[in-house]
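As given, the protein sequences belong to chains A and V, one line each in that order. Position one of the first sequence corresponds to residue 2 (our numbering), numbered consecutively onward. Position one of the second sequence corresponds to residue 2 (our numbering), numbered consecutively onward. Worksheet for the structure shown next.
Number of protein chains: 2
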Amino acid sequence: MAVTLKDVALAAGVSIKTVSNVINDYQYIRTDTKQRVMEAIANLGYSPNLSARSLRSGKTGVIGLAVPELSLSYFAELADSIIKAAERCGLKVLIEQTGGDRARELEILSSPRLQMTDGLLFSPLGLSNEDAHHLNVNFPLVLLGERIFGGPTDHVTMSNVQSARAATAHLLSKGRTRIAVVGGHEGEIIGSAGLRLRGYQQALKEAGIPFDPRLVAYTTLWHRSNGATSMRELLKTGVEFDAMFGLNDTLALGAMRVLQEAGLRIPDDVAVIGFDDLDEGRYSLPTLSTIDPGRDEIAATAVRILQERISGHDASPREFEARFQVIERESSMLPTS
Amino acid sequence: MAVTLKDVALAAGVSIKTVSNVINDYQYIRTDTKQRVMEAIANLGYSPNLSARSLRSGKTGVIGLAVPELSLSYFAELADSIIKAAERCGLKVLIEQTGGDRARELEILSSPRLQMTDGLLFSPLGLSNEDAHHLNVNFPLVLLGERIFGGPTDHVTMSNVQSARAATAHLLSKGRTRIAVVGGHEGEIIGSAGLRLRGYQQALKEAGIPFDPRLVAYTTLWHRSNGATSMRELLKTGVEFDAMFGLNDTLALGAMRVLQEAGLRIPDDVAVIGFDDLDEGRYSLPTLSTIDPGRDEIAATAVRILQERISGHDASPREFEARFQVIERESSMLPTS
DNA sequence: CTGAAAGTCTATAACGTTGTAGGATGACCG
DNA sequence: CGGTCATCCTACAACGTTATAGACTTTCAG
Numbered sequence: 002m003a004v005t006l007k008d009v010a011l012a013a014g015v016s017i018k019t020v021s022n023v024i025n026d027y028q029y030i031r032t033d034t035k036q037r038v039m040e041a042i043a044n045l046g047y048s049p050n051l052s053a054r055s056l057r058s059g060k061t062g063v064i065g066l067a068v069p070e071l072s073l074s075y076f077a078e079l080a081d082s083i084i085k086a087a088e089r090c091g092l093k094v095l096i097e098q099t100g101g102d103r104a105r106e107l108e109i110l111s112s113p114r115l116q117m118t119d120g121l122l123f124s125p126l127g128l129s130n131e132d133a134h135h136l137n138v139n140f141p142l143v144l145l146g147e148r149i150f151g152g153p154t155d156h157v158t159m160s161n162v163q164s165a166r167a168a169t170a171h172l173l174s175k176g177r178t179r180i181a182v183v184g185g186h187e188g189e190i191i192g193s194a195g196l197r198l199r200g201y202q203q204a205l206k207e208a209g210i211p212f213d214p215r216l217v218a219y220t221t222l223w224h225r226s227n228g229a230t231s232m233r234e235l236l237k238t239g240v241e242f243d244a245m246f247g248l249n250d251t252l253a254l255g256a257m258r259v260l261q262e263a264g265l266r267i268p269d270d271v272a273v274i275g276f277d278d279l280d281e282g283r284y285s286l287p288t289l290s291t292i293d294p295g296r297d298e299i300a301a302t303a304v305r306i307l308q309e310r311i312s313g314h315d316a317s318p319r320e321f322e323a324r325f326q327v328i329e330r331e332s333s334m335l336p337t338s
Numbered sequence: 002m003a004v005t006l007k008d009v010a011l012a013a014g015v016s017i018k019t020v021s022n023v024i025n026d027y028q029y030i031r032t033d034t035k036q037r038v039m040e041a042i043a044n045l046g047y048s049p050n051l052s053a054r055s056l057r058s059g060k061t062g063v064i065g066l067a068v069p070e071l072s073l074s075y076f077a078e079l080a081d082s083i084i085k086a087a088e089r090c091g092l093k094v095l096i097e098q099t100g101g102d103r104a105r106e107l108e109i110l111s112s113p114r115l116q117m118t119d120g121l122l123f124s125p126l127g128l129s130n131e132d133a134h135h136l137n138v139n140f141p142l143v144l145l146g147e148r149i150f151g152g153p154t155d156h157v158t159m160s161n162v163q164s165a166r167a168a169t170a171h172l173l174s175k176g177r178t179r180i181a182v183v184g185g186h187e188g189e190i191i192g193s194a195g196l197r198l199r200g201y202q203q204a205l206k207e208a209g210i211p212f213d214p215r216l217v218a219y220t221t222l223w224h225r226s227n228g229a230t231s232m233r234e235l236l237k238t239g240v241e242f243d244a245m246f247g248l249n250d251t252l253a254l255g256a257m258r259v260l261q262e263a264g265l266r267i268p269d270d271v272a273v274i275g276f277d278d279l280d281e282g283r284y285s286l287p288t289l290s291t292i293d294p295g296r297d298e299i300a301a302t303a304v305r306i307l308q309e310r311i312s313g314h315d316a317s318p319r320e321f322e323a324r325f326q327v328i329e330r331e332s333s334m335l336p337t338s
């Protein structure tokens, strides 16, 4: 059925290796031979069998990307950036969804199915720092996200602590002092929630404002609905606040919706900032202030260093932190006090 | 470096074919032989080389999914559903982004790089019905979306016309008669925009209401910003309306934001319905009425029939239409007139 | 004119897996 | 006891590609 090198070779009257050489731009081929082979290729509609090629060469030209879920906007936009970055390097991306489940994440690290790829970009959610040793795998692996630091692999992350501190400082600069937080993870120290919460506390401390634990609403998955529920519970406790820091945009949008239902004005009664710079926050009502965590930079860096590892670059694990930016929109647009 | 069948065979003192047989659950193997082989596999940490396997078997266990962009929420959620459906069939998904660009879409249909997959789920945006013949490819292909009908391949789609008619009828049932539309594509007949617009017109006709072309706002890509811009222009024209049908949720949310900026109340002044049932619409303010186009059904059907084609099912092309549902939320919650 | 070097091509052996064909053992039936 | 059959295993050949080694030409300096 399928046309192979052999068929082309036969048609062009050369050996299969010559055809292979033409395809791989080997230096020493006469122009007319090349011509003849090219014609045969075109006539027969030959295209190389990639399975055979990767068996022989040991490379597939495909990288894996493991994320919790594409229906979480942050990961959809991350995947978008990564696919584009990979394409620039001539790589395809195979996406795996873990649901943020620890067991599934561990399974992916040991799954033989991933051998169809040259390496893996891995953004875990269920793993924690104690699982770091599981990252000791025998294939190129680049870690994304903030669940594990100091692990045995290259790691690309955002400046969680610093940017959360900047986000909080931004609200403080507006004269707000009672800043609620939505999306904490109970007891977490490392992880997006823990780190961002730490940044929040640092900013408070710098401003000389005591940390009030009642202002932190905890939740599990960072889904829209959880942002809404958390805010609803926070309001029920009666604790007062004049600003809110959503640990990501999705949470902030869900929470904002509940605030407005409760008749609170944004930013007048409650100034709001999120985290992630989702497209969505640009068209919400009000538009959402946020942190741009440098997603494209993360994607490009991750793909680049994964490719370095694939081509055999051997060095001790490196940590990369993307540049961030505070983006002020309506939800916190107030005169600076 | 890597452990192969040969190594395992040597360690277990059997032939490589026996090891292969153990792995593939061949019937006739003595329990103790099996045991010995399994142990050797575990000890050496063997896992099969998938390139070799696919070269031999002609199957890769990977399917391609080509969509415009994952940062468009609809496609992110579609990809999510498809990856989950594929997983249930033991398939991996390789995602390709076309940007909705016709040239790139055509390229994908002829790209040899896709040979790393067993088949393709293809959701074009730039192609039109005249390009149907390009779908005549020599690999299993299932078409998604509404750009091409009656093409040479299986096709899974949503009931665009019917469900748009139902969406419009829903607004009409609330006593609204001046229904603006956001997201039309100039001159389009086939395609999500064209079909949904047709459904809109059908509903009007059934209700005996004349079609007013001034109520239709046109746009290109269905991005949030375009929904906002379109609505801004519509308001500028001064044409009156008491309801709006966003041809998808993203557009509707963008437009809703502009309506509210303009001081119009939803649903009181303008009742709104969207299309797609994005998660986002559940937490917007107000929550967004919409059409659930049956995304999971589309995903499951598409994967199933692609798999049928891969396993050699030969029959004339089939068309599938998913069941839809009108979902009433706050943006159109009014007493039925 | 000669030998070395550069240019052009080919035969053959891998890569790691599965399919085919068949050999060896023992059980069971007539 | 001979033959058939099920059971268990193996040797070998493929799948389509690229790497290796080398054969044969041509070029060109000495």
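Backbone N, C-alpha and C define an ideal beta-carbon position, used for all residues, glycine too. If you're wondering where the values come from, they're calculated on a predicted model, not measured in any experiment.
Margin query: Give me the subset of the segment 246–263 of chain A whose CB atoms are less than 7 angstroms from a CB atom of chain V, sorted by chain position.
Written below: L254, G255, R258, Q261
Margin query: Assuming A77 of chain A and N44 of chain A are in contact, meaning their beta carbons sit under 8 angstroms apart, how far apart are those beta carbons, in whole angstroms?
Written below: Position 76 of the first sequence holds residue 77 of chain A. Position 43 of the first sequence holds residue 44 of chain A. The Cβ separation is near 43 angstroms, so there is no contact.
Check: Which residues bound the alpha helix (DSSP H) around G228 of chain A?
Finding: Locating residue 228 of chain A in the first sequence gives position 227, where the first residue counts as 1. Segment 225–238, the alpha helix (DSSP H) holding G228 of chain A.
Next item on the list: Report the neighbours of R225 of chain V on chain A: residues whose CB is nearer than 9 angstroms to its CB, in chain order.
Entry: Along the second sequence, read from residue 1 onward, the residue named residue 225 of chain V stands at position 224. Those within 9 angstroms of R225 of chain V in chain A are D280, E281, R283, Y284.
Margin query: Under DSSP, the beta strand (DSSP E) around A218 of chain V begins and ends at which residues?
Written below: Here the question's residue 218 of chain V lines up with position 217 in the second sequence. For A218 of chain V, the enclosing beta strand (DSSP E) stretches over residues 217–219.
Margin query: Let me make sure I understand the geometry here. Which of V:L172, V:G228, V:I267 has the alpha-carbon closest to that of Q202 of chain V?
Written below: Translated into positions along the second sequence, residue 202 of chain V becomes position 201. Nearest C-alpha to Q202 of chain V among V:L172, V:G228, V:I267: V:L172.
Next item on the list: Determine, using beta-carbon pairs with one atom in the segment 96–103 of chain V and one in the segment 81–97 of chain A, whether at least three such pairs fall under 8 angstroms.
Entry: yes
Checklist line | Beta-bridge partners of S290 of chain V, as assigned by DSSP | finding: As a first step, residue 290 of chain V is located in the second sequence; it is residue number 289 there, counting from the start. According to DSSP, which records beta bridges pairwise, S290 of chain V is partnered with V:I274.
Next item on the list: Give the straight-line distance between the Cα atoms of S16 of chain V and I83 of chain V, rounded to the nearest whole angstrom.
Entry: Here the question's residue 16 of chain V lines up with position 15 in the second sequence. Here the question's residue 83 of chain V lines up with position 82 in the second sequence. Going from the Cα of S16 of chain V to the Cα of I83 of chain V covers about 40 angstroms.
Check: Residues of chain V with a CB under 9 angstroms from the CB of T61 of chain A: which are they?
Finding: Reading the first sequence from its first residue, position 60 is the one you call residue 61 of chain A. The answer, in chain order, is L51, S52, M117.
Next item on the list: Would you mind sorting D81 of chain A into buried or exposed? The rule is 16 or more other CB atoms within 10 Å of its CB.
Entry: Sequence index remark: in the first sequence, residue 81 of chain A carries index 80 (1-based). Classification for D81 of chain A: buried.
Margin query: Under 8 angstroms, Cβ to Cβ, is there at least one residue of chain A near D95 of chain V?
Written below: The residue given as residue 95 of chain V occupies position 94 in the second sequence. Residue identity check: residue 95 of chain V is Leu in the sequence provided, not Asp. At a cut-off of 8 angstroms between C-beta atoms, L95 of chain V counts as an interface residue with respect to chain A.
Next item on the list: Within its chain, find whatever has a CB closer than 6 angstroms to the CB of R177 of chain V; leave out the 5 residues flanking it on each side and keep chain order.
Entry: Within the second sequence, residue 177 of chain V is the residue found at index 176, counting from 1. Taking C-beta separations shorter than 6 angstroms and ignoring five residues to either side along the sequence, the partners of R177 of chain V in its chain run D243, A244, A272, following chain order.
Notebook entry, point to check: Start and end of the beta strand (DSSP E) containing A156 of chain A?
Noted result: On the first sequence, position 155 is the one that residue 156 of chain A refers to. The sequence shown places His at residue 156 of chain A, rather than the Ala named in the question. Per DSSP, H156 of chain A belongs to the beta strand (DSSP E) from 155–159.
Next item on the list: Closer than 7 angstroms by C-beta to A229 of chain A: which residues in its own chain qualify, once you throw out the five before and the five after it? Chain order, please.
Entry: Stepping through the first sequence from its first residue, residue 229 of chain A is reached at position 228. Taken in chain order, the residues that qualify are G255, A256, R258, V259.
Note to self: Measuring only the C-alpha atoms, how far is E207 of chain V from E187 of chain V?
What the structure shows: As a first step, residue 207 of chain V must be located in the second sequence, where it is residue number 206. As a first step, residue 187 of chain V must be located in the second sequence, where it is residue number 186. CA-CA distance, E207 of chain V to E187 of chain V, rounds to 24 angstroms.
Item checked: K93 of chain V, DSSP secondary structure in three states -> Stepping through the second sequence from its first residue, residue 93 of chain V is reached at position 92. K93 of chain V falls in the strand class under three-state DSSP.
Check: How many whole angstroms separate the CB atoms of R179 of chain V and E241 of chain V, which I take to be in contact at a CB cut-off of 8 angstroms?
Finding: As a working note, residue 179 of chain V is residue 178 in the second sequence. As a working note, residue 241 of chain V is residue 240 in the second sequence. Contact between R179 of chain V and E241 of chain V holds: CB atoms are separated by about 6 angstroms, below the 8 angstroms threshold.
Next item on the list: Kindly say whether S124 of chain A, judged by its beta-carbon, lies nearer than 8 angstroms to any beta-carbon of chain V.
Entry: Stepping through the first sequence from its first residue, residue 124 of chain A is reached at position 123. Answer no: the Cβ-Cβ gap between S124 of chain A and chain V never drops below 8 angstroms.
Check: Does the Cβ of F325 of chain A have 16 or more other Cβ atoms within 10 Å, making it buried, or fewer, making it exposed?
Finding: Taking the first residue of the first sequence as position 1, residue 325 of chain A is located at position 324. Looking at its Cβ environment, which holds 16 or more other Cβ atoms inside 10 Å, F325 of chain A is buried.
Notebook entry, point to check: Taking Cβ-Cβ distances shorter than 7 angstroms, what residues in chain A pair up with E78 of chain V?
Noted result: For this step, residue 78 of chain V is matched to residue 77 along the second sequence. S72, listed in chain order.
Note to self: Can you confirm whether the segment 246–254 of chain V touches the segment 273–291 of chain V when touching is taken to mean that 3 or more C-beta pairs between the two stretches lie within less than 8 angstroms?
What the structure shows: In short, these stretches touch, since the Cβ pair count reaches three.
Check: When the Cα atoms are used, what is the spatial distance from G155 of chain V to A168 of chain A?
Finding: Here the question's residue 155 of chain V lines up with position 154 in the second sequence. Here the question's residue 168 of chain A lines up with position 167 in the first sequence. Per the sequence shown, the amino acid found at residue 155 of chain V is Asp instead of Gly. Distance between the alpha carbons of D155 of chain V and A168 of chain A is about 50 angstroms.
Check: How many whole angstroms separate the CB atoms of L265 of chain A and Q261 of chain V, which I take to be in contact at a CB cut-off of 8 angstroms?
Finding: Residue mapping note: residue 265 of chain A aligns to position 264 of the first sequence, counting from 1. Residue mapping note: residue 261 of chain V aligns to position 260 of the second sequence, counting from 1. Wrong, their Cβ atoms sit about 16 angstroms apart, outside the cutoff.
Check: Taking the alpha helix (DSSP H) that V304 of chain A falls in, what are its first and last residues?
Finding: The residue you call residue 304 of chain A lines up with position 303 of the first sequence. Per DSSP, V304 of chain A belongs to the alpha helix (DSSP H) from 296–311.
Note to self: Between which residues of its own chain and P336 of chain A is the CB-CB distance below 8 angstroms, once the five residues before and five after are set aside?
What the structure shows: As a position in the first sequence, residue 336 of chain A is number 335, starting the count at 1. Result list for P336 of chain A: K175, in chain order.
Note to self: Checking the sheet assignment: what are the DSSP bridge partners for Q326 of chain V?
What the structure shows: In the second sequence, counting from the first residue as 1, residue 326 of chain V sits at position 325. Partner(s): V:D293.
Margin query: Out of A:S226, A:V68, A:L92, A:K93, which one is the CA nearest neighbour of L107 of chain A?
Written below: As a position in the first sequence, residue 107 of chain A is number 106, starting the count at 1. Considering only alpha carbons, the answer is A:V68.
Next item on the list: Go through the segment 173–212 of chain A residue by residue and report every complete run of the beta strand (DSSP E) that reaches 3 residues or more, in order.
Entry: For the segment 173–212 of chain A, the full-length beta strand (DSSP E) segments reaching 3 residues or more read 180–185 along the chain.
Checklist line | Other residues of its chain near S21 of chain V: CB distance less than 7 angstroms, five sequence neighbours each side excluded | finding: Stepping through the second sequence from its first residue, residue 21 of chain V is reached at position 20. Counting only residues of its own chain and dropping the five nearest sequence neighbours on each side, S21 of chain V has a CB closer than 7 angstroms to the CB of L6.
Item checked: Close-in-space but distant-in-sequence residues of the same chain around V63 of chain V (CB under 6 angstroms, 5 per side omitted) -> The sequence position of residue 63 of chain V within the second sequence is 62, counting from 1. Around V63 of chain V: K93, L95, T118.
Item checked: Short CB-CB distance (under 8 angstroms) between K7 of chain V and chain A -> By one-based count along the second sequence, residue 7 of chain V stands at place 6. No, its Cβ sits nowhere closer than 8 angstroms to a Cβ of chain A.
Item checked: Under 8 angstroms by beta carbon: chain V residues contacting D270 of chain A -> Here residue 270 of chain A is taken as the residue at index 269 of the first sequence, counted from 1. In chain order: nothing, as chain V lies at least about 15 angstroms away.
Margin query: When you compare the CB of A1 of chain A with every CB in chain V, is at least one pair closer than 8 angstroms?
Written below: There is simply no residue 1 of chain A to check, as chain A begins at 2 and stops at 338 in what is shown.
Next item on the list: Under 7 angstroms Cβ to Cβ from A41 of chain V, same chain only, skipping five residues before and after it: list those, please.
Entry: The count along the second sequence starts at 1 and reaches residue 41 of chain V at position 40. Answer for A41 of chain V: V9, A12, A13, listed in chain order.
Notebook entry, point to check: What do you reckon, are the CB atoms on V143 of chain V and A303 of chain V nearer than 8 angstroms?
Noted result: Here residue 143 of chain V corresponds to residue number 142 of the second sequence, with the count starting at 1. Here residue 303 of chain V corresponds to residue number 302 of the second sequence, with the count starting at 1. The answer is yes: Cβ separation under 8 angstroms.
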